[in-house]
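Heads up: the sequence shown begins at 1 in the UniProt record's numbering, then just goes up one per residue.
Ideal Cβ positions, reconstructed from N, Cα and C, are used throughout, including at glycine.
This report concerns only the one structure given below.
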Amino acid sequence: MDTKKGYFINHVDEAQSFIEKITNEKTAQIPYPMDSSDKSYYITISGKVFFAKTISGKGFVIQKEHVRRPSSEKFVKLSTGKHREIQVTVAQCLYNSFVIGKWLDVRPCYKNGNKLDYSLDNLVLPFEASQVISSSKMGMYAGLYKSHFERVRLYLSRTFNLSKEDAEDIVQDAFIHVTCNRDCEDVLVTWVWYCKQRVKDFIQKRCSLSCFDYDPYFFNKDFEFPLYDLLPVKRDREILEMRYKGYRNTEIAKILSISKGNVDARISRSLTLIKKILKKDLEYYEKRRRV
1 MDTKKGYFIN HVDEAQSFIE KITNEKTAQI PYPMDSSDKS YYITISGKVF FAKTISGKGF
61 VIQKEHVRRP SSEKFVKLST GKHREIQVTV AQCLYNSFVI GKWLDVRPCY KNGNKLDYSL
121 DNLVLPFEAS QVISSSKMGM YAGLYKSHFE RVRLYLSRTF NLSKEDAEDI VQDAFIHVTC
181 NRDCEDVLVT WVWYCKQRVK DFIQKRCSLS CFDYDPYFFN KDFEFPLYDL LPVKRDREIL
241 EMRYKGYRNT EIAKILSISK GNVDARISRS LTLIKKILKK DLEYYEKRRR V
């Protein structure tokens, strides 16, 4: 199946059976509205998410792209209007669908005993009604996100001197964390507080890299070549050269057809390696100078 292409079917009501046919997996409709009332969302047992809508009198089905995150988590982007999107765990969709009785007979459970593993096949499903995030609460969260996203993003950018992209990532990730915590009474206050905590971690990580005296993204006047040429791996050299030319990590990942996490890891590893190489060279020349 080509997941990049959509499919036309006779009627949108046939979407669920059609998805089961092309994926050969049990499928259930996600039981609350996501981005618009004219779209229906479906989730398969393996976590594939599709949406269906009517176009020109016919049904149209297309798969939603997952955003992969660490710790085996799976996320799906849900539009909240005005080109804004919020990432919600597929496991959360599955959780709600099952608890309110619309997930057929699929019953995930803790298989490895790790309650922090939110992968689909390891998800616990307690039956207390209080554990379900209701449609009204999801709607409230989406409204809160849309009305305060830009204000919180500007606050972080101006207060902590963050780029727009970094601030957006922090605000979005913090919102997901807070809304998935069902014990929060004041979501907005908790959201802003958690944003600050994430900023502190981000700045601390950034400072640990900025202590490097040499900037590997630029030509150094003491060298006849850019410092990223010191790297032995061609792909690492390509990535740092693209950073030197002004590309963001997300853009580099797209151009090279690799994940953003891979780009982040390679840059971090490359910085450390260049620092070690230059430190060793400086120690060598310092010894020669004393002789």
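Residue 48 sits in coil when the DSSP states are folded into three classes, being neither helix nor strand. If the five residues before and after residue 153 are omitted, its C-beta is found closer than 8 Å to the C-beta atoms of 164, 167, 168, 171, all from its own chain and listed in chain order. For the 8 Å CB-CB criterion, residue 252 and residue 242 form a contact. Assignment of beta-bridge partners to residue 29 by DSSP yields 42.
Bridge partners of residue 190 according to DSSP: none are assigned.
DSSP places residue 245 in the coil class of the three-state scheme, outside both helix and strand. By the CB criterion at 8 Å, residue 58 and residue 38 fall outside the cutoff. Its chain contains 174, 177, 178 as the residues whose beta carbon lies nearer than 7 Å to that of residue 194, once the 5 sequence neighbours on both sides are disregarded; these appear in chain order.
If you compare the alpha carbons of 245, 240, 16 with that of residue 262, the shortest gap goes to 240. Per DSSP, residue 19 is not a residue of any beta strand (DSSP E); the alpha helix (DSSP H) it occupies stretches across 15-23.
Between residue 43 and residue 28, the alpha-carbon positions lie close to 6 Å from each other.
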